[in-house]
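Numbering (the working numbering), first residue to last: 737 to 1097.
Right, dumping it as structure tokens:
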């Protein structure tokens, strides 16, 4: 099996807890060939732990290196468009952590730039590669029979799980000027969508949509197709909590996201017909190989009958990277590409418009 030489741009929480260990595990597919981060401490840590990883002084130097075949863009959201542009110019395969970008405008620019591109661009929506999700696609009722869909994201942020399970380095040696510039660029991009004078809670709601909620919006579309429109959307708790109703014509999909500091993770997709319920249950992705579960309940002569699949220990991130490698080898098109991600961002922009109509707090 061909080895792909990987360069990672960004060595933060997800890179340390997920991408680097998975790449190392899949040593028959990948070589960690290069790394770059704006934190010198992170670079030193990773190069000390992964012997094949060469430190590059800049993201551009890594991207343009002839010793790198595939670039993993794991940096802050405001940098994604810039680094993908550079990687396209350098003719590299690209794994792009979600969200692909923060605005539809950026995605459209990248789509125009990558038309007829001869390499693989893969957006990292790992929930669509979880074993329970893949199994659910075979168990769904016919689309015309669906009567209702519910999606929950009732969770706490990754730090609540990682600080108890892994030794993640959160650096304090980043140049303050870099942090300030990044924050300004990120805010400007977000305000392209929410409005120049938008309230802080609307800004926070959009940040939540592009971060946490992007996984389930993508998973929803991959599972049951494209909604006709966003009927309603509302935000509470300073924008941390989001409720959205998607119109699918003959049924509605209700999405709830709640982020708190309780330290629990409760994520689920449930699809119903009049006689069947298919439920995908996710645990936190920050601890690798925690199981996903699939429950299928059908009406029977003696009452409801439930069959359970799992716990399924196949790691969604491992499946994701195996799929990325296969697309590179076979020259095939990923399901989660830039065009697919554009539809997510367009829905998020529509959600923001409905939130403006409903108000919030």
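Note that beta-carbon positions come from the ideal geometry of N, C-alpha and C, so glycine has one too.
1) Using a Cβ-Cβ cutoff of less than 7 Å, which residues in the same chain neighbour residue 974 once the five nearest sequence positions on both sides are dropped?
2) By a C-beta neighbour count over all protein chains shown, 10 Å radius and 16 as the cutoff for buried, is residue 745 buried or exposed?
3) Rounded to whole angstroms, what is the Cα-Cα separation between residue 774 and residue 833?
4) DSSP has residue 837 in a bridge; who is on the other side?
5) Output the distance between the C-alpha atoms of residue 826 and residue 778, rounded to the nearest integer angstrom.
6) Which class does residue 877 belong to by DSSP, given the choice of helix, strand or coil?
7) Please state whether the Cβ-Cβ distance between residue 859 and residue 1077 is less than 7 Å.
8) Using the Cβ count rule (16 or more neighbours within 10 Å means buried), how would you classify residue 1065?
9) Leaving out five residues before and five after residue 961 in sequence, what residues of the same chain have Cβ atoms less than 8 Å from its Cβ?
10) Would residue 866 pass as a contact of residue 993 if the rule is Cβ separation under 7 Å?
11) Report the three-state DSSP secondary structure of residue 763 (helix, strand or coil).
12) Ignore the nearest five residues each way along the sequence and tell me which others in residue 1142's own chain have a CB closer than 8 Å to its CB.
13) Measuring straight from C-alpha to C-alpha, what distance separates residue 805 and residue 958?
14) Roughly how many whole angstroms lie between the Cα atoms of residue 900 and residue 1025?
In terms of the structure at hand:
1) 937, 940
2) buried
3) 17 Å
4) Looking at the DSSP assignment, residue 837 forms no beta bridge with any residue, so it has no partner.
5) 25 Å
6) coil
7) yes
8) exposed
9) 879, 984
10) no
11) coil
12) The shown model of the chain, from 737 to 1097, leaves out residue 1142, and the question about it has no answer.
13) 29 Å
14) 16 Å
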